[in-house]
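Under the numbering used here, the first residue of the sequence shown is numbered 66, with each subsequent residue one higher.
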Amino acid sequence: MENELPPTCTIPRARIAVLLVLAALPVLLTAAAFPFLGDTVPVHYGSSGPDEWGSKARLFVAAGILTAFGLLFAGLYAVIEHQRQTGREDWIVLEGPPKNVFPLSVVTIILMTVGQSLYIGGAFALASPPELPVDLLELLLNGLFGLIVASLVGCALYMLITGKGLAGVNFQPKPSELERSLGAPKSQARAIGALLLFLAAVVLAEWAVLFW
């Protein structure tokens, strides 16, 4: 009987890097917009619009919270991936087989970034007087929404048509022989592609409501 080798843990660093970069986006977007904002911006919204105004520096509070959640998702992914590869439940006890949380983490962080973008857009649109010409402001916001929609649609169509995941984004690094024989990676890729297409439709609808 052959001796079994101890399990080794090789957490995919590319995926961790992707999550960390995405987690930093809310702060980076806020920092990029900061010089162009007025000194006083809306910092809280009620049912009838902004109900509290304050220093533009307070925009970094929401950005920091979203970035902290993004880092939490990155940490949870690293922990769960460690447990999946080593077969040990050192930190988190999972009921049943562990799930691949990477696509869910990516989608969640992207949605949080979209939320921060809307927050910043509201600060621009409601600033009095605006620090940027309206045409330029609309161009920047339309460009941001267009980039998000184009990225989501492009990734979705690639995954739906080819049945392949994006490099460093989807699936476990080495699918089992059973998964390959059942075509699980292709099914998973197309399911995630359909989810991305749905999210693109949601973002497009929000874009239309705000600017069209």
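Beta carbons are placed, not taken as given, at the ideal position from N, Cα and C, and that holds for glycine.
What you are looking at is a predicted structure, and each value in this text was computed from that prediction instead of being measured.
Alpha-carbon to alpha-carbon, residue j and residue i
{"i": "F263", "j": "M177", "result": "16 Å"}
{"i": "A128", "j": "V92", "result": "5 Å"}
{"i": "L102", "j": "V166", "result": "36 Å"}
{"i": "L222", "j": "T105", "result": "42 Å"}
{"i": "F125", "j": "A89", "result": "12 Å"}
Residue i classed as buried or exposed, judged by whether at least 16 other C-beta atoms fall within 10 angstroms
{"i": "E146", "result": "buried"}
{"i": "R80", "result": "buried"}
{"i": "T227", "result": "exposed"}
Three-state secondary structure (DSSP) of residue i
{"i": "V166", "result": "coil"}
{"i": "G111", "result": "strand"}
{"i": "G211", "result": "helix"}
{"i": "G186", "result": "helix"}
{"i": "G228", "result": "coil"}
{"i": "G103", "result": "coil"}
Nearest-angstrom beta carbon gap, residue j and residue i [assumed within contact, 8 Å]
{"i": "S182", "j": "L94", "result": "6 Å"}
{"i": "A265", "j": "L217", "result": "4 Å"}
{"i": "G135", "j": "I174", "result": "5 Å"}
{"i": "L191", "j": "P100", "result": "No, L191 and P100 are not in contact; Cβ-Cβ is about 18 Å, not under 8 Å."}
6 Å Cβ shell around residue i - same chain, five flanking residues per side excluded
{"i": "G119", "result": "V108"}
{"i": "L260", "result": "none"}
{"i": "L225", "result": "R255 and G258"}
Proximity test, residue i beta-carbon vs the ligand FAD heavy atom, cut-off 7 Å
{"i": "Y184", "result": "Of ligands this structure carries none, so the ligand FAD is not represented either."}
Contacts around residue i, its chain only, beta-carbon distance under 8 Å, and the 5 residues preceding and following it disregarded
{"i": "E117", "result": "P107, V108 and H109"}
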